[in-house]
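What follows is the structure in structure tokens.
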């Protein structure tokens with residue numbers, strides 16, 4: 005993983021703008037994910053086939069229940085400057101109006117739901133750093149699909165963000181079901197999600 009850091013004087017000023025310029029100019033191989041995590045520009049490798057299949061299965065389910073004015077997006081940049089983050093979730097649900105216009109990212113608080121699927125090399129980013137980043141940005145629902153949880157792959161739904169953290173709404177082992185609350189009201193069976 006490559007990293008570049010800028011020591012910003014304040015997260016909403018020139019330091020943040022410079023981080024975003026570095027992020028936009030990072031020359032990573034096609035398919036790699038470039039993010040800013042806690043003020044550091046990171047490059048993650050191409051996701052595995054199992055990772056991509058899980059995202060596709062979930063995306064297909066979400067399209068049946070999302071509000072008409074929303075879309076399901078893979079690999080859309082969500083900015084959280086106050087958390088020194090610019091994340092690229094595996095799946096995100098946002099109003100389509102938030103995703104119009106030029107540029108590569110939108111404010112994270114526009115998302116109704118973000119989903120991260122852990123990879124072996126950077127699972128702790130999703131479990132810890134992005135968890136706090138999304139909560140601090142006010143994203144109402146964060147679904148963490150964790151096939152790399154040692155010995156027991158899990159799905160954990162976080163919600164009710166406050167003070168930079170979430171409350172756990174549900175946590176299950178793969179093979180069980182959890183339900184996304186309104187506006188989705190979607191039961192998600194995890195039995196068909198591949199385990200690494």
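Residue numbers (the numbering used here): 5 to 200. Beta carbons are placed, not taken as given, at the ideal position from N, Cα and C, and that holds for glycine.
query, result
"Go ahead and label residue 79 buried or exposed: buried means 16 or more other beta carbons lie within 10 angstroms of its beta carbon, across all protein chains shown.", "exposed"
"Please report the distance separating the alpha-carbon of residue 94 from that of residue 19.", "26 Å"
"Quick check on the burial criterion: 16 or more other C-beta atoms within 10 angstroms. Buried or exposed for residue 11?", "Its pLDDT being 41, under 50, residue 11 is placed unreliably in this model, and the value from its coordinates should be taken loosely. Residue 11 is exposed by the Cβ-count criterion."
"Output the residue ranges of the beta strand (DSSP E) runs that lie fully inside the segment 133 to 196 and measure 3 residues or longer, sorted by chain position.", "145 to 150, 158 to 166, 169 to 177, 181 to 184, 190 to 193"
"CB-CB under 6 Å to residue 96, same chain, minus the five flanking residues each way: which ones, in chain order?", "77, 80, 115, 118"
"Note the first and the last residue of the continuous alpha helix (DSSP H) segment covering residue 55.", "53 to 67"
"Whose C-alpha, out of 152, 157, 199, 133, is nearest the C-alpha of residue 169?", "133"
"Using 8 Å as the cut-off, can you tell me whether the segment 135 to 155 makes contact with the segment 166 to 183, which would need three or more C-beta pairs spanning the two stretches below that distance?", "yes"
"Which value, in whole angstroms, describes the spacing of the CA atoms of residue 41 and residue 22?", "14 Å"
"Tell me which residue opens and which closes the beta strand (DSSP E) that residue 109 is part of.", "109 to 111"
"Residue 145: which of 165, 90, 127, 122 sits nearest, CA to CA?", "165"
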